[in-house]
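These notes are about the structure you will find just below.
Residue numbers (this note's numbering): -17 to 129.
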């Protein structure tokens, strides 16, 4: 009769761990990465992501400081158009709605349909562009290179 008290459970689990590592090496051809190597790789990834972000900011700053008026004014012009749309929808349309409530209800249904027709990716692109522009303007103002 076999007694469970005499079974080396630690040895069994150690053997299973070794078997799992050997199977991984056999299937993938790769040795498992130790914790130090994983930490080094994570640090390198973080450094690369930081450099990419610095590159994005430098592109925005370069475009904003470009001598070409079309390039340097494109983002602000788009923002002004966006602000104009918001002002019309928030201030002007409700004022007109006081005098023409039935037509304004139809107007807002149509506006809502128009906004829902814009794909999420475009909203994301707009949001990132807006935040990038705002960050660039803040950076320029802190640095003292902008008005």
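Ideal Cβ positions, reconstructed from N, Cα and C, are used throughout, including at glycine.
Evaluate contact between the stretch 86 to 104 and the stretch 40 to 52, counting only Cβ atoms and requiring at least three cross-stretch pairs below 8 Å.
-> no
Please state whether DSSP places residue 4 in a helix, a strand or coil.
-> helix
Relative to the C-alpha of residue 105, which residue among 22, 58, 85, 64 is closest?
-> 64
Neighbourhood of residue 118 by C-beta distance below 6 Å, restricted to the same chain and skipping five residues each side = 42, 43, 46
Could you have a look at residue 41 and say whether DSSP puts it in helix, strand or coil?
-> helix
Out of 85, 16, 111, point me to the one whose CA is closest to residue 59's CA.
-> 111
What separation, rounded to the nearest whole angstrom, lies between the Cα atoms of residue 72 and residue 98?
-> 18 Å
Under a three-way DSSP split, which group does residue 102 fall into?
-> helix
Leaving out the 5 sequence neighbours to the left and right, which residues in its chain are closer than 7 Å to residue 86 when beta-carbon positions are compared?
-> 75, 78, 79
Between the CA atoms of residue 109 and residue 103 - distance to the nearest angstrom = 10 Å
Residue 49, enclosing alpha helix (DSSP H) - first and last residue | Careful: residue 49 lies outside any alpha helix (DSSP H) and carries neither H nor E.
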